[in-house]
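*Asks:*
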Amino acid sequence: MSTQTQQAVAMSREEVERRVRELGPWFHNLDLKGVQTAPEHFLGDYPRAKWVRFAHALPADLTGKTVLDIGCNAGFYALEMKRRGAERVVGIDSDETYLAQARFAAELSGLADGVEFRRLDVYDVGALKETFDLVLFMGVLYHLRHPLLALDLLHAHVVKDVLVFQSLQRGSPRVEELEADYPFEETEIFNQPGYPKLHFVEREYAHDWTNWWIPNRACAEAMLRDAGFELLAHPEGDVYVCRRGPVKPGQRAVYPTR
Ligand SMILES: C[S@@+](CC[C@H](N)C(=O)[O-])C[C@H]1O[C@@H](n2cnc3c(N)ncnc32)[C@H](O)[C@@H]1O
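Under my numbering, residues 27 to 284 are what the sequence shown spells out, in order.
(1) Is any heavy atom of ligand 1 found at a distance shorter than 6 Å from the C-beta of residue 260?
(2) Looking at the secondary structure, which residues open and close the beta strand (DSSP E) in which residue 245 lies?
(3) Indicate whether residue 120 and residue 147 have their beta-carbon atoms separated by less than 7 Å.
(4) Counting by C-beta, which residues lie closer than 5 Å to a heavy atom of ligand 1, in chain order?
(5) Hey, out of 60, 29, 261, 27, whose CA is closest to residue 40's CA?
(6) If we count Cβ pairs, one from each stretch, closer than 8 Å, do we get three or more for the segment 178-192 versus the segment 203-212?
(7) If the criterion is Cβ atoms closer than 7 Å, does the pair residue 54 and residue 100 meet it?
(8) Assuming contact is defined by CB atoms lying nearer than 7 Å, are residue 162 and residue 95 in contact in what I supplied?
(9) Take every Cβ of the segment 104-112, pair it with every Cβ of the segment 209-220, and state whether three or more of those distances are shorter than 8 Å.
(10) Could you tell me which uninterrupted beta strand (DSSP E) segments, each at least 3 residues in length, are contained entirely in the segment 136-216, listed from first to last along the chain?
(11) How about residue 242 and residue 168: do their beta carbons lie closer than 7 Å?
(12) Secondary structure at residue 86, three-state DSSP: helix, strand or coil?
(13) Tell me the residue span of the alpha helix (DSSP H) that contains residue 126.
(14) Of the residues 280, 254, 194, 223, which one's Cα is nearest the Cα of residue 264?
(15) Looking at ligand 3, does it come within less than 6 Å of residue 78, judged from the CB to the closest heavy atom?
(16) Give the range of the beta strand (DSSP E) segment to which residue 80 is assigned.
(17) Mark residue 63 as exposed unless 16 or more other C-beta atoms lie within 10 angstroms of its C-beta, in which case mark it buried.
(18) Please name the residue, chosen from 240, 223, 44, 136, that lies closest to residue 27 on a Cα-to-Cα basis.
(19) Within 10 angstroms of its Cβ, does residue 92 collect 16 or more other Cβ (buried), or is it exposed?
(20) Who are the Cβ neighbours of residue 225 in its own chain at under 8 Å, not counting the five residues just before and after it?
(21) Rounding to the nearest angstrom, what Cα-Cα distance links residue 252 and residue 74 in this structure?
(22) By how many angstroms is the C-alpha of residue 279 removed from the C-alpha of residue 175?
(23) Exposed or buried, which one is residue 222 when buried takes at least 16 other CB atoms within 10 Å?
What follows is the structure, encoded as C-alpha cells:
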C-alpha cells in the first residue's frame, strides 16, 4: 500500500468531509467513508441508481482483464470495475477537477493499485497505444461536437472486445425498420419518428452548454453499428453492451493517429 493510500485510509470522517468539499463540486455521488459527495444530485443517487439496473450485464469477474473508462468523472465505474477484479483500469477525462476527485476516491477506497486516472481527451485515445478488453463510454457522446468521430476512434484504437455505451437520448424511442437505400424522391421517411435523428443543441440544454448532439434511440443504435459495434445487449434504457466487429471497407476515422 502506498503512503498516499495509507494516509487516505487513515483519514477521519471530518477530514474526508473537508477534502470532499475542497474537491467539489461533484457530479458523481460517491459514498466515501459515509460521506456523500453529491447528495443533492438532480438524478438522485447517481450513478449508483443507474448502475444497479445494468450491473448484471457485465462480467462479475474481471480477473486478468484491462478496462478503459472514457469520461470517467470521479471514477464511479472505474472503481466498480476494479472491485470486480480487473487487473488494470485506466480512467481518462478532459477535466482535471474530476480526475482529482477520482484519485482521492481510489486512494480512500484502497483501490488505487492498478488504477490510473489520466487527463486525456477522447479524440486522443490513439495516444494510449493500447487496446482494452472492456471500454466504458458512458455519458460522453452528447457532450461532443464530433460524436461519430469519437466512436470511430474508439473502434480504431482502444476497443479490443467489449464496449459499454450510454448516451442521453431525446426524441422518439421507436426504431424504424429501414431499407438499404431510398430514391431521391422519397422524403417522407425522414419524418418518421423512428428514423435516426441527432438533435443539435446550438445554445444550451439543461443549463449545460457542453451538450451538443442528442440522439434518439434509433440514431444511437445506428451510430454504434455504423462505427463497427455489434449490439449484444440493451440492459437499461440508454445503455448498450456491444462487441467490436468489422467496419465497412475503406471506413476509418478522419483524424491523425498520435
Ligand atoms: C455526464 S459525465 C459522465 C460521467 C460518467 N462516465 C458517467 O457515466 O457517470 C461526462 C464526463 O465526460 C467528460 N468529458 C466531456 N468531454 C470529454 C472529452 N472530449 N474527452 C474526455 N472526457 C470528456 C466530462 O469531463 C465528464 O466527466
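Backbone N, C-alpha and C define an ideal beta-carbon position, used for all residues, glycine too. Only a predicted model underlies this, so the values are computations on that prediction, with no experimental measurement involved.
*Replies:* Taking the structure as given:
(1) On the sequence shown, position 234 is the one that residue 260 refers to. Judged by the Cβ position, residue 260 fails to qualify as a neighbour of ligand 1 at the 6 Å threshold, every heavy atom of the ligand being at least this far.
(2) Within the sequence shown, numbered from 1, the residue matching residue 245 stands at position 219. First-last for residue 245: 243-252, but that is the alpha helix (DSSP H), not the beta strand (DSSP E).
(3) Taking the first residue of the sequence shown as 1, we reach residue 120 at position 94. Taking the first residue of the sequence shown as 1, we reach residue 147 at position 121. The answer is yes: Cβ separation under 7 Å.
(4) Ordered along the chain, the selected set is 73, 97, 99, 119, 120, 121, 124, 147, 148, 164, 165, 166, 169.
(5) Along the sequence shown, read from residue 1 onward, the residue named residue 40 stands at position 14. Cα-wise, what sits closest to residue 40 is 60.
(6) As far as the Cβ criterion goes, the segment 178-192 does not touch the segment 203-212, which means the pair count is below three.
(7) Mapped onto the sequence shown, residue 54 falls at position 28. Mapped onto the sequence shown, residue 100 falls at position 74. Taking 7 Å as the Cβ cut-off, residue 54 and residue 100 qualify as a contacting pair.
(8) By one-based count along the sequence shown, residue 162 stands at place 136. By one-based count along the sequence shown, residue 95 stands at place 69. Residue 162 is a Cβ neighbour of residue 95, given a cutoff of 7 Å.
(9) In short, these stretches do not touch, since the Cβ pair count stays below three.
(10) 141-145, 158-164, 185-192, all fully within the segment 136-216.
(11) The sequence position of residue 242 within the sequence shown is 216, counting from 1. The sequence position of residue 168 within the sequence shown is 142, counting from 1. No, these two residues do not count as a Cβ contact at 7 Å.
(12) Taking the sequence shown and counting its residues from 1, one reaches residue 86 at position 60. In the three-state reduction of the DSSP assignment, residue 86 falls in the coil class, being assigned neither a helical nor a strand state.
(13) Stepping through the sequence shown from its first residue, residue 126 is reached at position 100. From DSSP, the alpha helix (DSSP H) with residue 126 extends over 122-134.
(14) If you number the sequence shown from 1, residue 264 lands on position 238. Out of 280, 254, 194, 223, 194 has the C-alpha closest to the C-alpha of residue 264.
(15) Ligands displayed in this structure: ligand 1; ligand 3 is not among them.
(16) Start at 1 with the first residue of the sequence shown, and residue 80 comes out as number 54. Counted as a single uninterrupted DSSP element, the stretch harbouring residue 80 is not any beta strand (DSSP E) but the alpha helix (DSSP H) occupying residues 74-80.
(17) Along the sequence shown, read from residue 1 onward, the residue named residue 63 stands at position 37. Answer is buried; the Cβ neighbour count reaches 16.
(18) Reading the sequence shown from its first residue, position 1 is the one you call residue 27. Scanning 240, 223, 44, 136 for the CA closest to the CA of residue 27 turns up 136.
(19) Stepping through the sequence shown from its first residue, residue 92 is reached at position 66. Classification for residue 92: buried.
(20) In the sequence shown, counting from the first residue as 1, residue 225 sits at position 199. The answer, listed in chain order, is 196, 197, 239, 240, 241, 242.
(21) Position 226 of the sequence shown, counted from the start, is the residue given in the question as residue 252. Position 48 of the sequence shown, counted from the start, is the residue given in the question as residue 74. Taking the straight line from one Cα to the other gives about 30 Å.
(22) Looking up residue 175 in the sequence shown gives position 149. Looking up residue 279 in the sequence shown gives position 253. If I take the Cα positions, the gap works out to 6 Å.
(23) Residue 222 sits at position 196 when you count from the first residue of the sequence shown. With a threshold of 16 other beta carbon atoms within 10 Å, residue 222 meets it and is buried.
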